[in-house]
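First the structure, in the form of structure tokens, and then the observations on it.
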Amino acid sequence: MLSDQDLTSQVLLEGLDNAELERLVPVVSEIRLLKDEHVFREKQACRGIHMIRSGRIEISKTTTDGWKQPLVIAGPGNFIGEIATLERSDHATDARAVENAELILFSKEAFEELQQREPQIMLKIIKNIAIVSALNVRRMNEKFLKALVNY
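This is how it looks when you write it as structure tokens:
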């Protein structure tokens with residue numbers, strides 16, 4: 455079973471105090487993956503947000519002509535699946551362990567229930583998602599501009 459200490463290094467949960475982290479422990483679960491196992495696949499139903507405790511997860515997208523394009527490799531502290539969770543949609547990408555990995559699943563059901571039960575905790579979590587999303591957009595803009603310049 456996970457403890458509040460297992461949650462302290464997670465970017466998604468930054469700014470939560472020990473009491474708030476303790477309230478999350480019963481609603482999250484641990485997942486262990488072997489190298490090359492998928493966390494989720496494109497068009498698969500979303501199970502929630504996955505926080506990475508250890509290992510690395512490759513996020514990729516398959517083009518219309520079947521070519522797999524790696525987008526990013528996420529490591530410990532990072533989280534994945536937040537967009538599909540917020541949009542209540544299927545996943546738009548594949549996520550695969552590039553090495554053995556341990557994840558913490560914050561299920562979409564627990565996420566939605568927490569919005570009603572603990573709005574102050576959810577405000578902090580949503581703020582963390584927004585900060586990371588903004589950083590990701592900036593990085594993608596830089597990559598896009600470099601690709602245009604080098605084209």
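Residue 455 is where the sequence shown starts when you use our numbering, and the numbers rise one by one after that.
We put the CB at the ideal spot given by N, CA and C, even for glycine.
- Residue 516: not part of any alpha helix (DSSP H); member of the beta strand (DSSP E) spanning 511-516, first to last residue.
- Excluding its 5 nearest sequence neighbours in each direction, residue 526 has C-beta neighbours in its own chain below 6 Å: 513, listed in chain order.
- The shortest CA-to-CA distance from residue 581 to any of 461, 507, 467 and 510 is the one to 467.
- In this structure, residue 493 sits away from residue 564, with a CB-CB distance that is not shorter than 8 Å.
- In this model, residue 520 and residue 548 are separated by some 13 Å (Cα to Cα).
- Scanning the segment 522-589 for uninterrupted alpha helix (DSSP H) segments of 4 residues or longer gives 536-541 and 562-571, listed from N- to C-terminal end.
- Around residue 500, the same chain offers 535, 538, 539, 543, 544, 545 and 562 as residues with beta carbons nearer than 7 Å, after the five sequence neighbours per side are excluded.
- Assigned with DSSP and collapsed to three states, residue 487 falls in strand.
- Here residue 484 is not near residue 458, since their CB atoms are 8 Å or more apart.
- Residue state for residue 505 is assigned as strand, using DSSP reduced to three classes.
- Here residue 557 is buried, its C-beta having at least 16 other C-beta atoms within 10 Å.
- Boundaries of the beta strand (DSSP E) harbouring residue 493: 492-494, taken from the DSSP string.
- By the C-beta density criterion, residue 464 is buried, having at least 16 other C-beta atoms within 10 angstroms.
- The Cβ-Cβ distance between residue 602 and residue 481 does not fall below 8 Å.
- The beta carbons of residue 460 and residue 495 sit about 26 Å from each other, so the pair does not count as a contact at 8 Å.
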